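Beneath this line is the structure, given in structure tokens, with notes to follow.
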Amino acid sequence: DVKVTQSSRYLVKRTGEKVFLECVQDMDHENMFWYRQDPGLGLRLIYFSYDVKMKEKGDIPEGYSVSREKKERFSLILESASTNQTSMYLCASSLPQGNQPQHFGDGTRLSIL
Amino acid sequence: QQQVKQSPQSLIVQKGGISIINCAYENTAFDYFPWYQQFPGKGPALLIAIRPDVSEKKEGRFTISFNKSAKQFSLHIMDSQPGDSATYFCAGLRVNFNKFYFGSGTKLNVKP
Chain A
1 DVKVTQSSRY LVKRTGEKVF LECVQDMDHE NMFWYRQDPG LGLRLIYFSY DVKMKEKGDI
61 PEGYSVSREK KERFSLILES ASTNQTSMYL CASSLPQGNQ PQHFGDGTRL SIL
Chain B
1001 QQQVKQSPQS LIVQKGGISI INCAYENTAF DYFPWYQQFP GKGPALLIAI RPDVSEKKEG
1061 RFTISFNKSA KQFSLHIMDS QPGDSATYFC AGLRVNFNKF YFGSGTKLNV KP
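Residue numbers (our numbering), protein chains in the order written: chain A, 1 to 113; chain B, 1001 to 1112.
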């Protein structure tokens, strides 16, 4: 079974802090994704990566950056956290073919105070 | 602009009833339409998917109906059970681009 592990289930940070969210997958998947989930808005893509050191902007990249130094690890970085970044963050991975399912982690609920 | 619109936002169904969730898409280039199921405290997981050259796909109690001319598709859950209570997301994508566009989600509550 594919396992996508997000480092924290709950995280509380302060406005202006630099925040790191970590995600690790164990199935050697090429693609990795970061989404945020907000009520009534569904899942919105922040960034994705189709290879080590490669990244593509999603629909809402402003205020975020990502890092993929190793194939199994994809990090989301909030450069200077703001209260409107309080949300549930979901990481996913998949094989490169588009009709392959995305496998999600259980999410990190991030609160910015 | 939301490329996949989903309704209703929430749904309450009695045990044994039929749950129906509807989605409409804008991009006619989409060529794959998956549905994901998310239980509380868990990430979404693929439930069932369909390609636009097929009008219906059934897996157990779950059926996708697809209407290409209307750019609409729907999920039917037959004989709904309390264990089906979850949030359901539809999505559309272009397979060659591997970028999913998710609907806003439907929270289903099946009452015993």
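We put the beta carbon where it would ideally sit given N, CA and C, even for glycine.
None of the values given here were measured: they were computed from a predicted structure.
Under the rule that 16 or more other beta-carbon atoms within 10 Å means buried, what is residue i, buried or exposed?
{"i": "Tyr89 of chain A", "result": "buried"}
{"i": "Thr5 of chain A", "result": "exposed"}
{"i": "Gln97 of chain A", "result": "exposed"}
{"i": "Gly107 of chain A", "result": "buried"}
{"i": "Asn31 of chain A", "result": "buried"}
{"i": "Pro1044 of chain B", "result": "buried"}
{"i": "Gln1009 of chain B", "result": "exposed"}
{"i": "Arg68 of chain A", "result": "buried"}
{"i": "Ile1050 of chain B", "result": "buried"}
{"i": "Phe116 of chain A", "result": "Chain A is shown from 1 up to 113; residue 116 of chain A falls before or after that span and cannot be answered."}
{"i": "Phe1097 of chain B", "result": "exposed"}
{"i": "Arg14 of chain A", "result": "exposed"}
{"i": "Leu113 of chain A", "result": "exposed"}
{"i": "Pro1034 of chain B", "result": "buried"}
{"i": "Ser1080 of chain B", "result": "buried"}
{"i": "Tyr10 of chain A", "result": "exposed"}
Which residue marks the beginning of the beta strand (DSSP E) containing residue i, and which one marks its end?
{"i": "Tyr47 of chain A", "result": "Gly42 to Ser49"}
{"i": "Leu1075 of chain B", "result": "Gln1072 to Ile1077"}
{"i": "Asp38 of chain A", "result": "Asn31 to Asp38"}
{"i": "Phe1066 of chain B", "result": "Phe1062 to Asn1067"}
{"i": "Thr15 of chain A", "result": "Segment: none, Thr15 of chain A is in no beta strand (DSSP E) and carries neither H nor E."}
{"i": "Met88 of chain A", "result": "Ser87 to Ser94"}
{"i": "Ile1018 of chain B", "result": "Per DSSP, Ile1018 of chain B belongs to no beta strand (DSSP E) and is neither H nor E."}
{"i": "Gly1005 of chain B", "result": "The question names Gly, but residue 1005 of chain B is Lys in the sequence shown. Residues Val1004 to Ser1007."}
{"i": "Val66 of chain A", "result": "Tyr64 to Lys70"}
{"i": "Pro1034 of chain B", "result": "Phe1033 to Gln1038"}
{"i": "Glu1146 of chain B", "result": "It is not possible to answer for residue 1146 of chain B, since the shown part of chain B is limited to 1001 through 1112."}
{"i": "Ser75 of chain A", "result": "Arg73 to Leu78"}
{"i": "Ala1091 of chain B", "result": "Ala1086 to Arg1094"}
What does a CB cutoff of less than 7 Å around residue i pick up in its chain, not counting 5 residues either side in sequence?
{"i": "Phe20 of chain A", "result": "Ser75 and Ile77"}
{"i": "Val1004 of chain B", "result": "Cys1023, Tyr1025, Cys1090, Ala1091, Gly1092, Tyr1101, Phe1102 and Gly1103"}
{"i": "Pro1082 of chain B", "result": "Lys1015, Val1110 and Pro1112"}
{"i": "Ile1048 of chain B", "result": "Trp1035, Lys1057, Glu1059, Phe1062 and Ile1064"}
What number of angstroms, rounded off, separates the C-alpha of residue i from the C-alpha of residue j?
{"i": "Glu144 of chain A", "j": "Tyr1032 of chain B", "result": "This structure cannot settle anything about residue 144 of chain A, because the visible part of chain A is limited to 1 through 113."}
{"i": "Lys1015 of chain B", "j": "Leu1108 of chain B", "result": "12 Å"}
{"i": "Val12 of chain A", "j": "Thr86 of chain A", "result": "9 Å"}
{"i": "Tyr1036 of chain B", "j": "Gly16 of chain A", "result": "34 Å"}
{"i": "Ser8 of chain A", "j": "Ala1070 of chain B", "result": "42 Å"}
{"i": "Asp1053 of chain B", "j": "Leu45 of chain A", "result": "27 Å"}
{"i": "Asp1084 of chain B", "j": "Ser80 of chain A", "result": "39 Å"}
{"i": "His1163 of chain B", "j": "Gly40 of chain A", "result": "Outside the displayed range of chain B (1001 to 1112) lies residue 1163 of chain B, so it cannot be described from this structure."}
{"i": "Asp26 of chain A", "j": "Glu62 of chain A", "result": "29 Å"}
{"i": "Lys66 of chain A", "j": "Cys91 of chain A", "result": "Looking at the sequence itself, residue 66 of chain A is Val, so the reference to Lys does not match. Rounded to the nearest angstrom, the two C-alpha atoms are 12 Å apart."}
{"i": "Asp38 of chain A", "j": "Glu1056 of chain B", "result": "30 Å"}
{"i": "Gln1038 of chain B", "j": "Leu1046 of chain B", "result": "9 Å"}
{"i": "Gln1006 of chain B", "j": "Gly42 of chain A", "result": "9 Å"}
Please return the same chain residues whose Cβ sits closer than 6 Å to the Cβ of residue i, not counting the five positions on each side in sequence.
{"i": "Gly1105 of chain B", "result": "Thr1087 and Phe1089"}
{"i": "Ser111 of chain A", "result": "Val12 and Thr86"}
{"i": "Arg73 of chain A", "result": "Val24"}
{"i": "Lys3 of chain A", "result": "Asp26"}
Can you name, in chain order, every residue of its own chain whose Cβ lies under 8 Å from the Cβ of residue i, other than the five neighbours on each side?
{"i": "Pro101 of chain A", "result": "Ser94"}
{"i": "Lys53 of chain A", "result": "Arg68 and Glu69"}
Positions along the stretch 15-33 of chain A whose CB lies within less than 7 Å of some CB in chain B:
Flagged, chain order: Asn31.
What residues in the stretch 34-47 of chain A bring their beta carbon closer than 9 Å to a beta carbon of chain B?
Within the stretch 34-47 of chain A, the residues whose Cβ lies closer than 9 Å to some Cβ of chain B are Tyr35, Gln37, Pro39, Gly40, Leu41, Gly42, Leu43, Arg44 and Leu45, listed in chain order.
Please list, in chain order, the residues of the stretch 1046-1078 of chain B that have any C-beta partner in chain A closer than 7 Å.
Answer set for the stretch 1046-1078 of chain B: Leu1046.
If you measure beta-carbon to beta-carbon, which residues of the stretch 64-90 of chain A are closer than 7 Å to chain B?
Cβ contacts with chain B come from Leu90.
Output needed in chain order: residues of the stretch 1013-1047 of chain B with a Cβ under 9 Å from some Cβ in chain A.
Within the stretch 1013-1047 of chain B, the residues whose Cβ lies closer than 9 Å to some Cβ of chain A are Asp1031, Tyr1032, Pro1034, Tyr1036, Gln1038, Gly1041, Lys1042, Gly1043, Pro1044, Ala1045 and Leu1046, listed in chain order.
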